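Numbering (my numbering), first residue to last: 14 to 610. Heads up, the beta-carbon is just placed ideally off N, CA and C, and yes, glycines get one too. All values reported here derive from a predicted model rather than from experimental measurement. Below: one structure, written as structure tokens.
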């Protein structure tokens, strides 16, 4: 198969096999039916389906976004056709238990498989992405009856799922949601309220849609402690699994976005009386788990979604980089600085140093981001299947610390890679003659999706690095310095020493921030802390990749080492500039009154 412009299979093979050694997972009971051959076969299948069924309608779905006609959603038919191929191939259930029709793939392989679909068509891939997260939440927190009723049809691809958190007036401030769930004598609840920005919230792609809805039960505690989680299906389900009455969930409107246009993004009204199941107003909902624990349950889905959004941002940047690289190798323009003959033929623009700078920068961001996403996926496998409780707890803690970085770092730098891809294309880059302008628009949503950059920074500095007495930050530092110790005495010793310095400074600056005695001052520049920590983590993963190349001398391995050198010399210094600002406890933002803005 010719080199793809969607993703680099060679890079995936390197990360999965030469670095993360996913084949070693087959020694664990959950994965004994697998081998490198089965992993590679699923990746081959993913690339084929993504190439033949997802990528071809990416532009068409962008230019013909879903429309609301007589209360129903209309969209181009290619979306449904592609998703049928995806689900018929068993890919919806790939990482799930065999009991539910799954392949029991390691999460690391599952993330690599799904990366093909995100890169090929992020709008169409959003439907299964949300459905898989919905199913995992219910498997973790739902009752056996709820799992049998809702999860099985989801993994078969007959029903899709959503997560309905935000409301028009509340946005990300979930403490302020007002959707109400009133208990009924039959054990169900009746929900009334509105939900905004609900991706996949309505469509005709499947027989049913399973909404997971955050709401408050009257009389519960105030704020986030009073939030419960409910299953609210678009159509009620009969005892035999067949579909019954239409539930009182109504599509009130579609939001029109600059990117991700193939994914319906909706305003939903619950319980406005358009449909009255059983003759009573209110959407019928079923409590998941216990009352008032809804936010902790929803974070199960949100944390998975955050890592997935980070992967999406990475691979959108990755496909932009590959398109720019292809363009730079084939577009001729200009001559080298030393060329004196104006009649000599123009050269491919990749021969110009500044174009190589842009391509090397993008390569460092997207290959670093892919390593970050797959490393976090490997931690999920360790958390779930490692031999000892100690190893599982270690993976859980490290994943907890890395999750805001895994979401936010690619969401910041993936769009930069797409921005560079546009720049490489020159004047053509911002026209629709080439796809890079769409990749940028699609990617610009990711810094907002599943919690803004600011929310992730507050999570990292306000919670993750101080929880358990700073155990997570300590573990991250120990994990990085274990890598730098392996680099001692190699050509990467200088990189390792610079990483050690950055780790030590991150620890000391964290102590300075929290020693300030004023949480407002500590958290005012949290986004700078997130940037510093993120760049430090990706620098570490570049050192990991450089060490994994060993002495291999192919162009691919040489390219890996050169990108590692680039990140070391051009990007790692950013960490210290940000730590300098943080260490000064700068108050510029805090001391700026609104009237000065």
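In this structure, the straight-line span from the alpha carbon of residue 503 to that of residue 23 is close to 25 Å.
Here residue 371 is buried. Its C-beta has 16 or more other C-beta atoms within 10 Å. When C-beta atoms of the stretch 79-99 are compared with those of the stretch 266-278, three or more pairs fall below 8 Å, so the two segments count as touching. Using a C-beta cut-off of 8 Å, the stretch 325-333 makes contact with the stretch 438-454, since at least three inter-stretch Cβ pairs fall below that distance.
When DSSP states are grouped into helix, strand and coil, residue 78 belongs to the coil group.
In this structure, the alpha-carbon of residue 57 lies about 46 Å from that of residue 194. The Cβ atoms of residue 99 and residue 67 lie closer than 9 Å to each other. Annotated as distal: residue 360 and residue 374, with beta-carbon spacing of 9 Å or more. Remark: fewer than three beta-carbon pairs, one from each stretch, lie closer than 8 Å, so the stretch 245-259 and the stretch 418-436 are not flagged as touching. The DSSP-derived three-state label of residue 147 is helix. Cβ atoms of residue 408 and residue 395 come within 8 Å of each other, at about 4 Å. Look at residue 345 here: in three-state DSSP terms it is strand. In the structure shown, residue 259 adopts extended strand secondary structure according to DSSP, grouped into three states. Per DSSP, the unbroken alpha helix (DSSP H) holding residue 516 starts and ends at 506-527.
Excluding five sequence positions before and after residue 557, the CB atoms of its chain that fall closer than 6 Å to its own CB belong to 496, given in chain order. Bridge pairing for residue 211: 279 [DSSP]. Residue pairing for residue 225: DSSP places it in a beta bridge opposite 176, 244. In terms of Cβ geometry, residue 534 and residue 603 form a close pair [threshold 9 Å].
A residue is called buried when at least 16 other Cβ atoms come within 10 angstroms of its Cβ; residue 279 meets this threshold and is buried. Counting along the chain, the unbroken alpha helix (DSSP H) around residue 388 starts and ends at 366-398. Three or more beta-carbon pairs drawn from the stretch 215-226 and the stretch 160-174 are found closer than 8 Å, and the two stretches are therefore classed as touching. The count of Cβ pairs closer than 8 Å, one atom from the stretch 64-80 and one from the stretch 126-134, reaches three, so the stretches are in contact. Nearest to residue 78 by C-alpha distance, out of 462, 307, 485, 271, is 271. Short of 8 Å from the beta carbon of residue 505, and not among the five residues preceding or following it, lie these beta carbons of its own chain, in chain order: 556, 559, 560, 577. Straight through space, the alpha carbons of residue 389 and residue 248 are spaced by roughly 36 Å. Per DSSP, residue 547 lies in no beta strand (DSSP E) segment; the continuous alpha helix (DSSP H) that holds it begins and ends at 539-561. Judged by beta-carbon spacing, residue 185 lies within the 9 Å limit of residue 465, meaning their Cβ atoms are closer than that value. With the rule of 3 Cβ pairs closer than 8 Å, the stretch 585-600 does not count as touching the stretch 415-425. Taking 9 Å as the cut-off, the Cβ atoms of residue 467 and residue 523 do not count as close. Leaving aside the five residues that flank residue 573 on each side, the residues in its chain whose CB is nearer than 6 Å to its CB run, in chain order, 558, 562. Residue 260 is classed as buried because its beta carbon has at least 16 other beta carbons within 10 Å across all chains shown.
Separation of residue 593 and residue 501 (C-alpha to C-alpha, rounded to the nearest whole angstrom) is 27 Å.
For residue 512, the closest of 25, 214, 491 by C-alpha to C-alpha distance is 491. DSSP places residue 402 in the helix class (H, G or I) of the three-state scheme.
Annotated as proximal: residue 384 and residue 551, with beta-carbon spacing under 9 Å. Residue 520 has its alpha-carbon roughly 19 Å from the corresponding atom of residue 469.
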